[in-house]
Structure formats: C-alpha cells, structure tokens
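Peer 1: Chains as they are written, first to last, in my numbering: chain W, 81 to 369; chain X, 39 to 282; chain E, 28 to 377.
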Amino acid sequence: MFETLLSFLIFGTIQGSIYALLAMGFSLVYGVGGILNQAHGAFYVITAYIFYSCYINIPQYGYIIGIIISLIATTIVGGLVYLLLIKPLKESHVGVVIVTFAFAFFIERFVSIAVDSIYHNMPYLIVGYFTFFGVNIQYQYIIILIVSLLLLLLISLFINKLKIGKSIRAVAQDSEAASLMGINVDRILAYTLMISAFLASMAAILYVPVETVAPHIGWNVLLNSFAIVVLGGLGSLHGSVIGAFIIAYSRSFTNYFLDPVFSALIPIIVIVIVLVLRPRGLFGKKEIK
Amino acid sequence: MEIKNLTKKFAGLTAVNDMSFEIHRGEFVGLIGPNGAGKTTIFNLISGIEKPTSGTIRFDGRDITGMATHKIVNLGLIRTFQLVRSFKFMTLLDNINVSCLSPRGKRIAKDYGIDEYSSTILASVGLIDKARLPPVILPHGDLRKLQIGKALGTNPQLLLLDEPFSGLSHEEAVAITDLIKSLHSDGVTVFVTGHVLRELMGLVPRVIAMHQGKFIADGPPKEVANNKIVLEAYLGRGGEFART
Amino acid sequence: MKINYEFSDFKIYLRDWIRTFRGKLTVLCLIGFVLLPLTADSYIIGIFNTFMIFTVFAASWDFLAGFVGQVSFGHAIFLGIAGYVTAFTIRYLNFPWGLSLILGSVIAVLFGLIIGVPALRLKGPYLALGTLAMSLILYQLFLMGSLAILWENAFPGTILFGTDGIGQVPPISPNPSISYLVIFLIMCSSLIILTHLGKSKLGTIFKSIRDDETGAKASGINTTKYKILAFMISGFFAGIAGGLYTIRLSGVNPGNYQPLYSFYAIIMASVGGLATISGSVLGAFIFVFLGEILRLLGDNPNISDMFGGFTEPIFIFSVILILIIRFAEHGLLKPVLERLQEVWDLLLGR
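(1) Considering residue 197 (chain X), what are the terminal residues of the beta strand (DSSP E) in which it resides?
(2) Checking contacts by CB at 9 angstroms: is residue 235 (chain E) closer than that to chain C?
(3) Report buried or exposed for residue 189 (chain W), applying the criterion of at least 16 other Cβ atoms within 10 angstroms of its Cβ.
(4) If you follow the alpha helix (DSSP H) that residue 223 (chain E) is part of, which residue opens it and which one closes it?
(5) Would you please verify whether the beta carbon of residue 11 (chain X) is less than 9 angstroms from any beta carbon of chain E?
(6) Across the region 91-106 of chain E and the region 175-184 of chain E, are there enough close Cβ pairs to call them in contact, namely three or more that are closer than 8 angstroms?
(7) Leaving out five residues before and five after residue 153 (chain W) in sequence, what residues of the same chain have Cβ atoms less than 6 angstroms from its Cβ?
(8) Note down, in chain order, all residues in the region 146-167 of chain E with a beta-carbon under 7 angstroms from any beta-carbon belonging to chain W.
(9) For residue 299 (chain E), would you say it is in contact with chain X, using Cβ-to-Cβ distances shorter than 9 angstroms as the test?
(10) Give the residues of chain E in contact with residue 192 (chain X), contact being defined as C-beta atoms less than 8 angstroms apart.
(11) Given a threshold of 16 other Cβ atoms within 10 Å of its Cβ, counted over all protein chains shown, does residue 95 (chain E) qualify as buried or as exposed?
(12) Quick one, are the C-beta atoms of residue 283 (chain X) and residue 76 (chain X) less than 9 angstroms apart?
(13) If you draw a straight line from the C-alpha of residue 256 (chain W) to the C-alpha of residue 152 (chain X), how long is it?
(14) Could you check what DSSP says for residue 102 (chain E) in three-state terms: helix, strand or coil?
(15) Given residue 263 (chain W), which residues of its chain have a CB within under 7 angstroms of its CB, disregarding the five upstream and five downstream residues?
(16) Where does residue 169 (chain W) sit, in a helix, a strand or coil, going by DSSP?
(17) Please check if any C-beta of chain E sits within less than 9 angstroms of the C-beta of residue 116 (chain X).
(18) Helix or strand or just coil, what does DSSP make of residue 96 (chain X)?
(19) Name, please, each residue of chain E whose Cβ falls closer than 7 angstroms to the Cβ of residue 295 (chain W).
(20) Classify residue 113 (chain E) as helix, strand or coil using the three-state DSSP reduction.
(21) Looking at the structure shown, is residue 126 (chain X) part of a helix, part of a strand, or coil, going by DSSP?
(22) Between the region 85-95 of chain W and the region 320-336 of chain W, do three or more beta carbon pairs fall short of 8 angstroms?
(23) Could you confirm whether any beta carbon from chain E is found closer than 9 angstroms to the beta carbon of residue 108 (chain X)?
(24) Anything in chain X within Cβ reach of residue 228 (chain E), meaning under 8 angstroms, just list it in chain order.
(25) Of the residues that make up the region 88-102 of chain E, which ones have a beta carbon closer than 8 angstroms to any beta carbon in chain W?
(26) Determine whether the Cβ of residue 182 (chain W) lies closer than 9 angstroms to any Cβ atom of chain E.
(27) Along the chain, where does the beta strand (DSSP E) that runs through residue 229 (chain X) open and close?
(28) Does the separation of the CB atoms of residue 84 (chain W) and residue 337 (chain W) fall below 9 angstroms?
(29) Considering Cα atoms alone, identify which of E:48, E:312, E:245, E:282 is closest to residue 86 (chain E).
(30) Specify the secondary structure class of residue 296 (chain E) as computed by DSSP and reduced to three states.
(31) Under 9 angstroms between C-beta atoms, does residue 104 (chain X) make it to chain E?
(32) Identify the residues that DSSP records as bridge partners of residue 54 (chain X): which are they?
(33) Between the Cα of residue 190 (chain E) and the Cα atoms of E:88, E:367, E:285, E:373, which residue gives the shortest distance?
(34) Which bits of chain E does residue 273 (chain W) rub up against, with CB to CB less than 9 angstroms?
(35) Would you mind telling me which residues of chain E sit closer than 8 angstroms to residue 339 (chain W), beta carbon to beta carbon, in chain order?
(36) Ignore the nearest five residues each way along the sequence and tell me which others in residue 95 (chain W)'s own chain have a CB closer than 6 angstroms to its CB.
Below you can see the structure in the form of structure tokens.
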C-alpha cells in the first residue's frame, strides 16, 4: 500500500513536471499572441524523431548529439512556424488554427515516412535506479525533476526580470500599446513561439525515454496541454504549472488506485467541468505573471 | 430607465464612478463629456456588453444589471455603436432581417413578411435603393443610417445612440439628425452621446454631463453649458466647448 | 421555416436555374451519377460511394464552419459514435439500416453536445480544441482492452470496445447498384437540406453570428442557442455520413475517432471553399480521387523508388491544405467554375 502511494506520488510528480513544461509553452503562445497553437504537439514529435535518428545512426555520441541537434532544430522550426504559417494569416483566426492543425499532420506523416511508424524505445540518459522505501526510482526520474524545475525557474526569471521577458509581458497585455512603445511585436511573437518550441523540445528529450517514439505522440501532448491550460486559466503561467500538477496527480491517482479508464477520461472531464463552472480557469486573466 | 450608483472599474482605472440618473419614457436626452469621459462605457454597461463592478440598472421596472445583451434588446433597450458594426458579407436587407428575426422584432415583422418589413425600414432610413448591396461599399453616413435601421428592426422602446454624428459630413449629419428627430416624435425614447456639442445641444431638451467617469450636471442645454464644472472639464481639454 | 413556393413558381425557378451554366453542370453530373452503376465495376462504384459519403461529411463541417463561423476539430466524434451505434444496432439488435442511421446520428449529436454546449456558451477558441480533445479521448476509450472485456462480460455475445471494433455489418442491399443509389439519394437530400437551410432566414441568423457575434446579440439574437442548433444540425449530418461509412466498410473500429477523420472534413471543405455546399462536393471529389491516385502511385514500384513514400495521401494533402489556406483562402470552387465556364463559352464560340 505504501509502495503504491509512493509510486503514485513519484510518477505524478514526474508527469506533472513534464506537463508543466509543455503547458507553459502552450499558454505563453496563447497569452502573447492569442493563438492556440495546434502544432505544439508537432514540436514534441520533431524532437523525438531527430533525437532517435541521431541516436541510432551516430555511434557513441549519438545520444548527446541528438539532444543538441533536436533542441536547436525544433526551436528553429518554432520560429519558422511563426514566420511562414502564423504571421501571414494573422487576420484570419480560422486560418491560423487550420494551418497549424495541418502542420501537425504534416509532421506526423513526415516522420513516419522519413523514419518509420513503428514504436521505438530510447534508453535513459543515465541508466539505473536506487531504492527508496521499497520503491525503485530511476535516475532518469530525478533528472527529469531537476531539469524541469530548473527550466521553469529560468523561464520565470526570464519573463519577469529580463528586458525581453518584459517585452513579452507587455505584448501579452496589449499588443497595440506595446508596439506604440516601440516594441517589435512581430519579433516578440516569433521569440515566444521559439521559447514554446524549446520547452516542448526539452520535455521530449526528458520524457521520450520513459514513454515511446511514435508518430502519434503529439496528439496527447496537445490534448493534455489544452486541458491544463483551460484548468489553469488561458494566459496564466502560474495556472499552467499548477494545473499541470493537478492533472498529473489526478491521472496518476486514477492509474494506481482506480482504473486506467478513468485516467484517460480526466482531460475531457476537466475541460467540460471547468468550461461549465468557471470558464476562466483557476487563475485566468489576460496578463501573464 | 433608472441608473443607481453605477460603477465600473477596470484594472487600475475607474471608468464609471458612482453615476446615478433617470430617464423617463418619451424623453430625448443627451450625454456629453470629453473624450474618455466614460460615455461608451456607460452604454456598454446599460446594454449588457460589460458588467458593472457595482450599482444597479433598472429598465421598465425590471432590474437588468448584468443581463445578457440579447435579453436586454428583447426588452426594448437597443443601442448603436460608435464604430459602426455591420454584417459585412450580407446584403443590407439581410442586415435588417437579422434584427427582425429576433423574438421582439419577429412579433411585428411576421405579420408583414420579414423581407417586406425590412424593406419598409430601409425605405424609412433612405437606403432602399441599396437593399441588395453589401455594407462594404457604403459611405460612412449610410452606414450610420444602416445602424439605425437595424435598431428599428427590433422595435426599440429606448434607443441608445453612441456618437451617431462622429465622422459625418454636414449633410450626412443633418440627415441623421432628421432621422433621430422623427424617431423621437414616433414615441421612441432617445439617449444620445456626443463629444462635439454643436449638434447635440441644439437637438435635445435635456443634457447630462459627465467627466472622468463622474456625473457633473443634468438639465436643459443652456444651463449645463454655463455650468462652471462643465466649463472647466471642457476648456481643460482644449476648448471644443468654445464652438457652442 | 415554411417553404412558401407555389408549385408553378418552383417550376419557373427550376427552368431558369437549368439555363445557367451551374445548373447545366449540376444536371450533367447528376445524370452521370445515376448512370454510373450500369457501366462501372465494383471498385469504381466503391470509390464513388466513399466520395458521396465524404461529401455529406464535408458539407456538415462546412455548414458549421463556413455559415456559422464555428470551427470543430472533432467531427470524428460524430463519425465514430454514429458508426458504432449503427453497427451495433444492425448487427446485434437487427434494426433496419434506416432506423440505425437515424439513431446513430441522434446519439452522436447527444454526445457531441457534452463538449459542444460548454464550448459554445463561451466566447473563445474552445470548440476547436474541445472537440479534438473529446475525439482523442473516445479513441483511447474504445481502444481499451479492459473495457472490451468488461463489456463482453456484461453483454455476452456482443462487442463494443476493443481494437477490433464491430465487424460484419451487412450492406444496405445485396445489390451494389441499389446500395449505390440509396447512398446517392441520401447524399442529394442532405445537400439540398443543408443548402436550403443556408439560404433560409435561419441561415441569415447563422451568418450574422459568423460575421459579428456581438452585433448579432445587439440585434436581439440569442447567439448561444443558434450556435448550439447549428452544431446539432452539423453533427446530425456528420452522423449520417458516419453510419453510411460504417455500412460501406462493413464495420467500425476505434480508428474512426482519430483526429485524422476530422482532418479529412477540414481538408475537403477548405479545398472546395468554405460556406459553399457545392464546394464540399468539389473538395470531397478531389480528396477521394486524388487520394486514390496517390495511393496507387505509391504502390507502383517506380514511383516509390523516386519519391520513397512521400506520395502518401495525407502527407500530400496536409501540404496542399497549408498552401491553399496560405494562398487561396476561399477554396478552389469559384476559380474552377470560372475556368470551366470560360472553356464552355469558348467551345460555343462566344
């Protein structure tokens, strides 16, 4: 019983950290640009496949090289998605949403053609585990926890202290006013997308070894990011992090103590309940904090 | 209509501060104040587009504070917008049809046939010859007429006109003024805002003045025009007032 | 909604319409459709069946997105639920196919409302992702082996959940030509109903919501009520398509819930042109036939050497969709019709 409790806590925390990274990027793009980026899952998939391809094709250092290349490539793709897909369609909300949706499929098909569509597994960064009160905890989990928390802190500092971060917050509040103050809204949006892609990419690097590599993994990323952001409040970064852990622990709880069926149902239940009872989520506001 | 202690705060800014006033059936009232005084916000609050932070609004004996816009419209309280709104991809006739298809509008329109009724309205605002055209090609003055037409489709009891004269040439303004006057003589209660005073002061027998969200005066135009506080509010803003 | 035509008025309307180019083109196509079963083999008939079913599916999505301005990314919900209900009631309860179709659509709409009502009450981008979320979850749910076992224990002899889905669903009629004609009639009625709704006063209200929702509210329209109504109409026809699709494939499986099918609807409607029901026809045509051509090309070893799998239909279509939205946002229907008319005039020497 105690072991199950511990496992539930550990796994919930790990999943929560990953969800937080993903949801934060998603929320950032919405808060700053008003865009629900359907291609968010695609960033995850791109990283996963570049990472995997490097790993199996480059001897010895493939793993590390994979991490570096996929991070850089995905971040660049984030910028390109903004430049080529989102920016030209800024007047048409419908257009942006459809085009990013199409991009998600494009990537899903592309990787299954360029690589393959079979499930693959990646090894952990550091193999091995230690035992804690009878439960085996993989070193990878600790890495995930530490790196995600570091990243979340970094992003937090970035947004709040650095000049670019302040520009981002300004655009999130009022893009017209921000541009009147001399901020290049265009560039800020591009950066925001790149940050979002970067976060998704890091999440993939950390978590893909725990799950699998497959073309469809992007959809769950999108699904969970949306549920988290609805729960936390569209546009609230705090809310995304808190929402991420709430949903992660709920899923973990239902997995360990109830039935996996309920775990799968959680995102939609959360979405429906939040939209009916408190549409703006827990911390929903227009400003980013 | 009765407004009591109406307040609306946005983050850090009090747009409407404790306003109270009454408008009786059949009246013709103006709302003046310099730009940014809060006139449009008051209209937004009355018409349900925004919810007040505190205070109440009553119409025809009912409390409509915070009610949904379409419900308020169906009680007979209609507003037009400062930035003209229209259904860009439909004909003028269809634009009016939409109002006639609201529950309140339909009650009257269905006896005549929706299209026929809308045509009558278009004719009464002088746009019948453009009935099959879309709003995109209309000059500004015609768009304002369309707005009034759309309001007529819902059979207004109290009509809130938000800056109906802004952006109009002199002829266009005269046409709109005549239209509004005839509406009033047909029994519609009219509440008009403006920040350029010349047209307004000559039109209405009663004026309410506000500045920075607060109520400052209420009475016949000549009185309000000579009110010290009103003078300060306007002269402080660069003497638009001087035109009166 | 009263159809106030006198019959003689309608005859005049019809006669004038046939005189137009579009009218002639449509009649030609209709005649071609009806005659098809006499000439073609079952493979071609099968493709046309799929085409007709997808037309209804695309038109249902287009109705919601193009006329009312509400974008759904989860139309697969309707496809799947209607499919499962249809399959289940035909196979295990021996309902006639007509009843199953309607029942499937109705139940699909009810499920759709679970996410539809909360999303449509609000202003904001909730419908698109909300419907996507629900379709993904239905997909996961119906894949679950554990649920499959639970169901079989509760209702032995029947299958509902599980990767295999429900199979062995019989066709509408043992005669493929009759099945074809039935599907044809259903498609025509659906398209006529949807077009008529779009042009009616109800359609005017829908379009006002699309063009300016706040303005519509300021004109006294209860926009939430009408958005939900449109969602239900759209879902109903998507459900009809779903039921027919299941019958066509003789079965249904969790795959019907994939975002892929929602994407199909979007591709077809967008390529053809939003807010035109006939655009959905064109879009579905391009999608089904081009898709089949690409698939055959992919099987051809020469082509696959050259392009190595990149002829995969969805891959190509995602690129096409991106290009079209970027450069030809209103779809291809109008330009294509204009070109065709030019050619026609040319041939007649005008």
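Each residue gets a CB set at the ideal place from its N, CA and C atoms; glycine is no exception.
Peer 2: In short:
(1) From DSSP, the beta strand (DSSP E) with residue 197 (chain X) extends over 196-199.
(2) The structure shown contains no chain C; its protein chains are W, X and E.
(3) Per the 10 Å Cβ criterion, buried.
(4) Element bounds for residue 223 (chain E): 203-226.
(5) Since the first residue of chain X shown is 39 and the last is 282, residue 11 (chain X) is not available in this structure.
(6) No, they do not touch.
(7) Correct list, in chain order: 130.
(8) Residues 146, 149, 152, 153, 155, 156, 157, 160, 161, 163, 164, 167.
(9) Residue-level contact by beta carbon fails for residue 299 (chain E) and chain X, as no gap is shorter than 9 angstroms.
(10) Those within 8 angstroms of residue 192 (chain X) in chain E are 246, 247.
(11) Residue 95 (chain E) should be labelled buried.
(12) With chain X running from 39 to 282 in the structure shown, residue 283 (chain X) is simply not present.
(13) Between residue 256 (chain W) and residue 152 (chain X), the C-alpha separation is close to 42 angstroms.
(14) DSSP places residue 102 (chain E) in the coil class of the three-state scheme, outside both helix and strand.
(15) Excluding residues within five positions, the ones whose Cβ falls inside 7 angstroms are 247, 250, 251.
(16) The answer is helix: DSSP assigns residue 169 (chain W) an H, G or I state.
(17) It does: the Cβ of residue 116 (chain X) has a partner Cβ on chain E nearer than 9 angstroms.
(18) Of the three classes helix, strand and coil, the one that applies to residue 96 (chain X) here is strand, per DSSP.
(19) Close to residue 295 (chain W), with beta-carbon spacing below 7 angstroms, lies no residue of chain E; the smallest spacing is near 11 angstroms.
(20) Residue state for residue 113 (chain E) is assigned as helix, using DSSP reduced to three classes.
(21) Coil, per DSSP.
(22) These segments touch.
(23) Chain E has a Cβ within less than 9 angstroms of the Cβ of residue 108 (chain X).
(24) Result: 135, 139, 152.
(25) Answer set for the region 88-102 of chain E: 92, 96, 98, 100.
(26) Yes, residue 182 (chain W) lies at the interface with chain E (some Cβ there is under 9 angstroms from its Cβ).
(27) Per DSSP, residue 229 (chain X) belongs to the beta strand (DSSP E) from 227-232.
(28) It is a contact, given that the beta carbons lie within the stated cut-off.
(29) Ranking E:48, E:312, E:245, E:282 by Cα distance to residue 86 (chain E) puts E:312 first.
(30) Look at residue 296 (chain E) here: in three-state DSSP terms it is helix.
(31) Closer than 9 angstroms: no.
(32) Beta-bridge pairing links residue 54 (chain X) to X:46.
(33) Closest by alpha carbon: E:285.
(34) For a Cβ distance threshold of 9 angstroms, nothing in chain E lies close to residue 273 (chain W): the least Cβ distance comes to about 17 angstroms.
(35) Neighbours of residue 339 (chain W) on chain E, chain order: 173.
(36) Excluding residues within five positions, the ones whose Cβ falls inside 6 angstroms are 328.
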